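Asker: Residue numbers (my numbering), protein chains in the order written: chain A, 14 to 352; chain B, 14 to 352. Yeah, the Cβ is synthetic: ideal placement off N, Cα and C, and Gly gets one too. Quantities reported herein were computed from a predicted structural model and do not represent experimental measurements.
Protein chains: 2
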Amino acid sequence: MKRKITLKDIARELDVSISTVSKALKNSEEIGRNTKEKIQAFAKLYNYKPNNIAISLKNKRTKNIGVIIPDIVHHFFTTVFRGIEKYANQKGYNVIVCVSDESFDKEVINMEMLANGSIDGFIMALSAETQMKNDFNHLKEVTEQGIPLVLFDRVTDEVNCDKVIINDEQAAYDAVVRLIDSGKNRIALFTTENYLGVSRKRADGYFRALKEYNIEPDENLVLQLPFQYENEDKSETFFNSQNFDAVLCVNEIFAVRAIRIAQLKGIKIPQDLSIIGFTDGILSKLSSPSLTSVAQHGIRMGEIAAKMLIEKVESDRDQETFRTEIIEATIIERESTIH
Amino acid sequence: MKRKITLKDIARELDVSISTVSKALKNSEEIGRNTKEKIQAFAKLYNYKPNNIAISLKNKRTKNIGVIIPDIVHHFFTTVFRGIEKYANQKGYNVIVCVSDESFDKEVINMEMLANGSIDGFIMALSAETQMKNDFNHLKEVTEQGIPLVLFDRVTDEVNCDKVIINDEQAAYDAVVRLIDSGKNRIALFTTENYLGVSRKRADGYFRALKEYNIEPDENLVLQLPFQYENEDKSETFFNSQNFDAVLCVNEIFAVRAIRIAQLKGIKIPQDLSIIGFTDGILSKLSSPSLTSVAQHGIRMGEIAAKMLIEKVESDRDQETFRTEIIEATIIERESTIH
DNA sequence: AACCGATACGAAATCGGTTTCGTGTTGATA
DNA sequence: TATCAACACGAAACCGATTTCGTATCGGTT
Numbered sequence: 014m015k016r017k018i019t020l021k022d023i024a025r026e027l028d029v030s031i032s033t034v035s036k037a038l039k040n041s042e043e044i045g046r047n048t049k050e051k052i053q054a055f056a057k058l059y060n061y062k063p064n065n066i067a068i069s070l071k072n073k074r075t076k077n078i079g080v081i082i083p084d085i086v087h088h089f090f091t092t093v094f095r096g097i098e099k100y101a102n103q104k105g106y107n108v109i110v111c112v113s114d115e116s117f118d119k120e121v122i123n124m125e126m127l128a129n130g131s132i133d134g135f136i137m138a139l140s141a142e143t144q145m146k147n148d149f150n151h152l153k154e155v156t157e158q159g160i161p162l163v164l165f166d167r168v169t170d171e172v173n174c175d176k177v178i179i180n181d182e183q184a185a186y187d188a189v190v191r192l193i194d195s196g197k198n199r200i201a202l203f204t205t206e207n208y209l210g211v212s213r214k215r216a217d218g219y220f221r222a223l224k225e226y227n228i229e230p231d232e233n234l235v236l237q238l239p240f241q242y243e244n245e246d247k248s249e250t251f252f253n254s255q256n257f258d259a260v261l262c263v264n265e266i267f268a269v270r271a272i273r274i275a276q277l278k279g280i281k282i283p284q285d286l287s288i289i290g291f292t293d294g295i296l297s298k299l300s301s302p303s304l305t306s307v308a309q310h311g312i313r314m315g316e317i318a319a320k321m322l323i324e325k326v327e328s329d330r331d332q333e334t335f336r337t338e339i340i341e342a343t344i345i346e347r348e349s350t351i352h
Numbered sequence: 014m015k016r017k018i019t020l021k022d023i024a025r026e027l028d029v030s031i032s033t034v035s036k037a038l039k040n041s042e043e044i045g046r047n048t049k050e051k052i053q054a055f056a057k058l059y060n061y062k063p064n065n066i067a068i069s070l071k072n073k074r075t076k077n078i079g080v081i082i083p084d085i086v087h088h089f090f091t092t093v094f095r096g097i098e099k100y101a102n103q104k105g106y107n108v109i110v111c112v113s114d115e116s117f118d119k120e121v122i123n124m125e126m127l128a129n130g131s132i133d134g135f136i137m138a139l140s141a142e143t144q145m146k147n148d149f150n151h152l153k154e155v156t157e158q159g160i161p162l163v164l165f166d167r168v169t170d171e172v173n174c175d176k177v178i179i180n181d182e183q184a185a186y187d188a189v190v191r192l193i194d195s196g197k198n199r200i201a202l203f204t205t206e207n208y209l210g211v212s213r214k215r216a217d218g219y220f221r222a223l224k225e226y227n228i229e230p231d232e233n234l235v236l237q238l239p240f241q242y243e244n245e246d247k248s249e250t251f252f253n254s255q256n257f258d259a260v261l262c263v264n265e266i267f268a269v270r271a272i273r274i275a276q277l278k279g280i281k282i283p284q285d286l287s288i289i290g291f292t293d294g295i296l297s298k299l300s301s302p303s304l305t306s307v308a309q310h311g312i313r314m315g316e317i318a319a320k321m322l323i324e325k326v327e328s329d330r331d332q333e334t335f336r337t338e339i340i341e342a343t344i345i346e347r348e349s350t351i352h
């Protein structure tokens, strides 16, 4: 087994001091040509690589980014993560991921685990539970310690930090307008219970569109589904009892389930029922009919979040100015709507 | 901004030595009651937390695990990752993820980035390109340095290390037998070009089942599709030219696409065409008809991989014995087959 | 009074680097 | 020949912890 070689080893072997080796390997002008070449050759021969931990300790920079997301087995978060990882790697940063599992406690524990030197900054989306509890002390503590933080998608006004979001309200508005323009006027909304997180804004956009087009909003056309839903009873009941010709879903799972129930009932998509979902993921692309959906551009979101964070991390003076970047969602037309 | 407090700060403030503080905080018997209480109270008050980096440097243990996967926007890898993260976190480890993007070079770069002290061990699935090139020097170098390595799913015999795989051959065999038992006898195989990675074994199982049931294998019934395929021309041609009553797909994307084409052609599933896919992901569950598929139990795979790795990391003596754990894939019956 | 064993704590090395500053040697200059 | 700057390198501090070993102090024993 070849052990890792250190500066000390090289110094001992070549009979020079550690500082000389360090400088020689950085090609410092301070060291004579012969000595430098000798040291560099030796280092290459034995494949010397500096120890990251030692450098981190000295520099107080780890070149690690901490990412905390509620769920990794979820297409949107996965794509955002991909964007973060891509940008960060390219800038020489590694990404440490923790999954909060929508739990407040896990979110806190994960943050504490990472906040003691393991990372230079955080990128995160709040867990569902954190949003319900409205307790953001763990975030505040971290920012007070001077650790940069970027929130994405599931954000809060309570914490001063950089943020990246999509224009959820406008996107929902646009989607509904598109449905109206195609001749629909009994438009349902399938959303999450309690309008969790971004669902609130999407509902706002939904109602604004109805209002502007003088369509009386109908409470009965709003269906609140459990966050992780197992059976389709609630949706089936809805299909049986309500009369509607289009539906906006706050995620693609709800949309795909709607397609399924509609098909079982012999309802024609998009003629009798048009469907638009949020999250332009694999389900939207591969369902039959394929799904018109609001693309949230997760990769770009991740890249921007990473860019904002790394800029903060690498700027010496800590600025007290925070930005909120808004990513324009776009509607990808497919087979589940009329165009 | 509250800066992080260090042992030195506490020592200076309370006028004791650094070593006394360190011992007091570990509740060492060496330190007198009064001193200990004073120090502990002070530490709690100022929310002292030891610096992970310093501890890592001293212990030569980072409590970080490096995970390198070909693609994170892929359900199977995501679930495996989830399992790794879950187990690792529970054991006090953090997970650093790098995505190789199916590229050999990125895989090498990522490994080198992490192998210099950032992590205690690797868990990875080989990139497609690495498997094609058959070049595993980067893996060998790492293991020679004494860094534990666990390969999962996409493994190789060339490297001596722990491995976790599923019984792909047997699972494919079982799936085909199930199709035969349900009365099918012209069974197609939709696989990846060049039988990339695990596809080879799945094909082996497919052929073995045919042979044992005395069904003449038909080359024409094997369709090789591009790894990332964009259009459906190839599959459509296949549907038009071939006569078959069942198909085994090496992943769920191929399976869902098959469903779609079949539906467009008015072929009834599962009566006229039965379909079984690999990877029991969200597509399988939510497609219509829902898909009978081979569950690879990614979460368990990840947990086991993490368990094996952490055991190696935490055992002092480096064993030269390596295990290969085989996870039993199971078939989840849904609507795309007759039962 | 001399000695001894606890007790309670501090000094210093160590992990593997970086960086500042000091110094011996050299050749050039006055 | 004495002086001095430039050159080339080493000693040591530092980052923030852990840990070994040494020692001052104190009460008790003979």
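1) What do you reckon, are the CB atoms on B/I85 and B/Y59 nearer than 8 Å?
2) Can you tell me which of B/S349, B/P283 and B/I82 puts its alpha carbon nearest to the alpha carbon of B/S113?
3) Considering B/Q237, what are the terminal residues of the beta strand (DSSP E) in which it resides?
4) From which residue to which residue does the alpha helix (DSSP H) around B/T156 run?
5) Does any residue of chain A have a CB that is nearer than 8 Å to the CB of B/V260?
6) Tell me the DSSP bridge mates of B/F203?
7) In terms of residue numbering, what span does the beta strand (DSSP E) encompassing B/A308 cover?
8) Mind reading off the beta-carbon distance from A/N64 to B/G45? Whole number of angstroms is fine, and I expect it under 8 Å.
9) Indicate the three-state DSSP secondary structure (helix, strand or coil) for B/S287 in the structure shown.
10) Specify whether the region 173-186 of chain B and the region 22-41 of chain A touch according to this definition: at least 3 beta carbon pairs, one from each stretch, less than 8 Å apart.
11) Using 8 Å as the limit for Cβ to Cβ distance, is B/F94 near chain A?
12) Residue range of the alpha helix (DSSP H) that A/F165 falls in?
13) Report yes or no: do the region 291-308 of chain A and the region 343-352 of chain A share at least 3 C-beta pairs separated by less than 8 Å?
14) Determine the chain A residues that contact B/L296 at a beta-carbon separation under 9 Å, and present them in chain order.
15) Is the separation between the beta-carbon of B/S306 and that of B/S195 shorter than 8 Å?
16) Assuming the contact rule is C-beta atoms closer than 8 Å, B/I132 and B/T75 should be a hit. Round their C-beta distance to whole Å, please.
17) The beta strand (DSSP E) with B/N107 in it runs from where to where?
18) Quick one: list the residues of chain A neighbouring B/C174, beta-carbon separation under 9 Å, in chain order.
19) Return helix, strand or coil for B/K320, following the three-state DSSP convention.
20) Under 8 Å between C-beta atoms, does A/P161 make it to chain B?
21) May I have the straight-line CA-CA distance separating B/N253 from A/E142, to the nearest angstrom?
22) Let me know the secondary structure DSSP gives B/K36 once reduced to three states.
23) Which first and last residues belong to the beta strand (DSSP E) in which A/E338 is found?
24) Would you give the residue range spanned by the alpha helix (DSSP H) that A/T92 belongs to?
25) Please determine, among B/E249, B/R270 and B/Q158, the residue with the shortest C-alpha to C-alpha distance to B/C262.
26) With three or more C-beta pairs closer than 8 Å as the rule, is the region 88-99 of chain B touching the region 312-323 of chain B?
27) Give, in chain order, every residue of the region 27-52 of chain A whose Cβ lies closer than 7 Å to some Cβ of chain B.
28) Tell me whether A/V29 sits in a helix, a strand or coil according to DSSP, three-state version.
29) Since B/P63 meets chain A, which of its residues come closer than 9 Å, beta carbon to beta carbon?
30) Using a Cβ-Cβ cut-off of 8 Å, state whether B/S69 counts as contacting chain A.
31) Can you name, in chain order, every residue of its own chain whose Cβ lies under 7 Å from the Cβ of A/E115, other than the five neighbours on each side?
32) Measuring CB to CB, does A/R167 end up less than 8 Å from A/A188?
33) With C-beta atoms as the reference, is B/F203 less than 8 Å away from B/L238?
34) So, B/Q255 versus B/A201, is the Cβ gap smaller than 8 Å?
35) Work out the CA separation of A/V211 and A/E338 for me, nearest whole Å.
36) For B/G45, does the three-state DSSP call read helix, strand or coil?
Answerer: Here's the rundown:
1) Contact: no.
2) Comparing Cα-Cα distances from B/S113 to each of B/S349, B/P283 and B/I82, the minimum goes to B/I82.
3) The continuous beta strand (DSSP E) containing B/Q237 extends over residues V235 to L238.
4) Looking at the DSSP string, the run of the alpha helix (DSSP H) that includes B/T156 is N150 to E157.
5) Judged by the 8 Å Cβ criterion, B/V260 is not in contact with chain A.
6) Partner(s): B/L236 and B/C262.
7) Its beta strand (DSSP E) spans residues T305 to A308.
8) 38 Å between Cβ atoms; not a contact.
9) Three-state DSSP puts B/S287 in a strand.
10) No contact exists between the region 173-186 of chain B and the region 22-41 of chain A.
11) With 8 Å as the cut-off, B/F94 counts as an interface residue toward chain A.
12) Where A/F165 is concerned, there is no enclosing alpha helix (DSSP H), although the beta strand (DSSP E) it sits in stretches over L162 to F165.
13) Three or more beta-carbon pairs separated by less than 8 Å link the region 291-308 of chain A to the region 343-352 of chain A, which places the two stretches in contact.
14) Annotation: Cβ neighbours of B/L296 in chain A (cutoff 9 Å, chain order): I295, L296, L299 and S300.
15) No, they are not a contact pair.
16) The Cβ separation is near 6 Å, so the contact holds.
17) Segment N107 to V112, the beta strand (DSSP E) holding B/N107.
18) Correct list: empty, because the minimum Cβ distance to chain A is about 14 Å.
19) B/K320: helix per DSSP, three-state reduction.
20) Not an interface residue.
21) Cα atoms of B/N253 and A/E142: separation of roughly 52 Å, rounded to the nearest angstrom.
22) Residue state, collapsed to three classes: helix.
23) Unbroken beta strand (DSSP E) run through A/E338: T337 to I340.
24) Note, A/T92: alpha helix (DSSP H), H88 to Q103.
25) Of the candidates B/E249, B/R270 and B/Q158, the residue whose Cα lies closest to the Cα of B/C262 is B/R270.
26) Cβ pair count under 8 Å is three or more, so yes.
27) From the region 27-52 of chain A, no residue has a Cβ closer than 7 Å to chain B.
28) In the structure shown, the three-state DSSP call for A/V29 is coil.
29) N129 and G130, listed in chain order.
30) With 8 Å as the cut-off, B/S69 counts as an interface residue toward chain A.
31) Same-chain partners within the cutoff: P83, D84, S140, A141 and E142.
32) Not in contact: A/R167 and A/A188 (Cβ atoms no closer than 8 Å).
33) It is a contact, given that the beta carbons lie within the stated cut-off.
34) With respect to B/A201, B/Q255 sits close: the two C-beta atoms are nearer than 8 Å.
35) Cα to Cα, A/E338 sits roughly 16 Å from A/V211.
36) Correct three-state label for B/G45: coil.
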